[in-house]
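Reviewing the structure listed below.
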Amino acid sequence: MRRLDLPGNDPARAAAARNKADMVEAFAHHDVTTPRTRIVDGADGLLRSCAAGQITFPCVIKPADGAGSAGVTVVTGPEHLEPAWHAARAASVMYGLPRDERVLIQEYVDGREFSVESVTQHGVTTHLCITRKHTTGGIHRVELGHTLPARLSAAAERALLDQASRAITAVGIRNGATHTELVLRADGRCAVLEIGARLGAGHIGVLIQHALGINPWRTLWNIALGHPATLTPARGRYATVRFLTAPHAGRLAAITGLPAVSTTIPAVHVRAVEGAAVGTVTSNRGRLGHVIVTGRDPRAVDDQADRILRQITITVVPGSQS
Numbered sequence: 029m030r031r032l033d034l035p036g037n038d039p040a041r042a043a044a045a046r047n048k049a050d051m052v053e054a055f056a057h058h059d060v061t062t063p064r065t066r067i068v069d070g071a072d073g074l075l076r077s078c079a080a081g082q083i084t085f086p087c088v089i090k091p092a093d094g095a096g097s098a099g100v101t102v103v104t105g106p107e108h109l110e111p112a113w114h115a116a117r118a119a120s121v122m123y124g125l126p127r128d129e130r131v132l133i134q135e136y137v138d139g140r141e142f143s144v145e146s147v148t149q150h151g152v153t154t155h156l157c158i159t160r161k162h163t164t165g166g167i168h169r170v171e172l173g174h175t176l177p178a179r180l181s182a183a184a185e186r187a188l189l190d191q192a193s194r195a196i197t198a199v200g201i202r203n204g205a206t207h208t209e210l211v212l213r214a215d216g217r218c219a220v221l222e223i224g225a226r227l228g229a230g231h232i233g234v235l236i237q238h239a240l241g242i243n244p245w246r247t248l249w250n251i252a253l254g255h256p257a258t259l260t261p262a263r264g265r266y267a268t269v270r271f272l273t274a275p276h277a278g279r280l281a282a283i284t285g286l287p288a289v290s291t292t293i294p295a296v297h298v299r300a301v302e303g304a305a306v307g308t309v310t311s312n313r314g315r316l317g318h319v320i321v322t323g324r325d326p327r328a329v330d331d332q333a334d335r336i337l338r339q340i341t342i343t344v345v346p347g348s349q350s
């Protein structure tokens, strides 16, 4: 970007926005509140840390080079540590990036999950909105939906935005989008789980367009070219996405009860084909499709989305795709 005389980010620090081990170190140097974290190179190091009493349960095991919740496990006891390490190392590396064998052991932070969607231009950050996450329970915490903008108390909003700003600075983002994932504890404190130097996945960009009237892709194109970006919301609505998932492993027979596209349901999409092998969702890649709902009232939007999900039947039969 420098050779083209176009705006970019600090090349010495930008890698920390992609590698979670480097990210933890960057956060520590910029007073970002994060879960307590240890970084290990192999299963032996993981077990040694456990034997030395350096791991408390529950904890979270995740790959340094992972994305989309792949290879992330909530571990409740020492007997599950080694399988969790193998799951982390078996996760595919996305975006063509090099493999990093390190694995993170993080403190499990109990609370509500959110993300902050932000755009930075010439070092000045605008937080577009806060997104509330709907996730699975159990050992795999996969995102089943997003709702934005989240309605929060002024204090909770300040806490989340302050930590997001610190995280953006920590990884050297001066131009572009960021998606900061956080947990808000019951006592009002929050912790940054990680940050991505990109728009939020899971159709968050589409939700921003429906709810705020901001085209995030045009915005990022303007930033990349050094043109002024329009970041003022053109509308004040709410939008949510809900993802379809298989009830159990097997072969997808049918998905029925899908709603028709309308003014309040602008998108209904199934990406899995009948006959495909499916399984219980352990990462974002396991989702079968999605429904987007928009409206003027946040509770009505969420209620409508929940009703739609109850009306959809996903039939999975025994067997796998040949």
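Residue numbering for the sequence shown is 29 to 350, as defined by my numbering.
Yeah, the Cβ is synthetic: ideal placement off N, Cα and C, and Gly gets one too.
Alpha-carbon spacing of residue i relative to residue j, whole angstroms
i	j	result
Gln82	Pro39	34 Å
Pro294	Tyr266	13 Å
Gly147	Ile283	Note on residue identity: the sequence assigns Val, not Gly, to residue 147. Going from the Cα of Val147 to the Cα of Ile283 covers about 37 Å.
Gln349	Ala277	Confidence at Gln349 is low in this model, with a pLDDT of 46, below 50, so the placement of that residue should be treated as unreliable; the coordinate-derived value is given next. So the two alpha carbons sit approximately 11 Å from each other.
Arg186	Ala118	38 Å
Ser77	Val309	30 Å
Gly314	Glu145	24 Å
Thr208	Val220	7 Å
Arg202	Ala42	10 Å
Pro63	Ala198	16 Å
Glu107	His114	13 Å
Ile223	Ala56	14 Å
Asn37	Gly285	46 Å
Ser181	Arg327	16 Å
Pro275	Thr153	41 Å
Ala45	Gly264	30 Å
Leu75	Lys90	15 Å
Ile242	Glu302	36 Å
Gly84	Ala304	The sequence given here has Thr at residue 84, not Gly. Those two C-alpha atoms are separated by around 40 Å.
Whole-angstrom C-beta distance between residue j and residue i, which should lie under 8 Å
i	j	result
Gly317	His297	5 Å
Ser151	Ala183	For the sequence presented, residue 151 should be read as Gly rather than Ser. Contact doesn't hold; Cβ gap of about 27 Å is too wide.
Leu210	Gln237	23 Å between Cβ atoms; not a contact.
Gly230	His174	6 Å
Leu188	Leu212	7 Å
Val351	Ser97	The structure shown does not extend to residue 351, since the chain spans only 29 to 350, so no value can be given for it.
Ala257	Thr273	The Cβ separation is near 35 Å, so there is no contact.
Val321	Thr341	So it is not a contact: roughly 19 Å between Cβ atoms.
C-beta atoms of residue i and residue j nearer than 8 Å
i	j	result
Val344	Val306	yes
Thr65	Leu132	yes
Pro18	Ile336	Because residue 18 is not part of the residues shown, which for the chain are 29 to 350, the question remains open.
Arg130	Asp69	yes
Arg279	Gly347	yes
Chain E contact for residue i (CB, 8 Å cutoff)
i	result
Ser181	No chain E is present in this structure, which holds just one protein chain.
Residue i, DSSP secondary structure in three states
i	result
Arg270	strand
Ile83	coil
His318	strand
Leu34	coil
Ala205	strand
Thr61	coil
Ala305	strand
His174	strand
Val52	helix
Pro111	helix
Own chain, CB closer than 7 Å to residue i, minus 5 neighbours either side, in chain order
i	result
Asp93	Asn47, Val121, Leu125, Arg127 and Asp128
Arg194	His58, Asp59 and Val60
Cut-off 8 Å between Cβ atoms - residues of its own chain near residue i, not counting five sequence neighbours on either side
i	result
Leu34	Ala252, Leu253 and Gly254
Ser143	Ile158, Thr159, Lys161, His174, His207, Thr208, Glu209, Leu210, Gly228 and Ile232
Close-in-space but distant-in-sequence residues of the same chain around residue i (CB under 6 Å, 5 per side omitted)
i	result
Val88	Val102, Gln134 and Tyr136
Pro244	Leu227, Gly233 and Ile236
His168	Thr310
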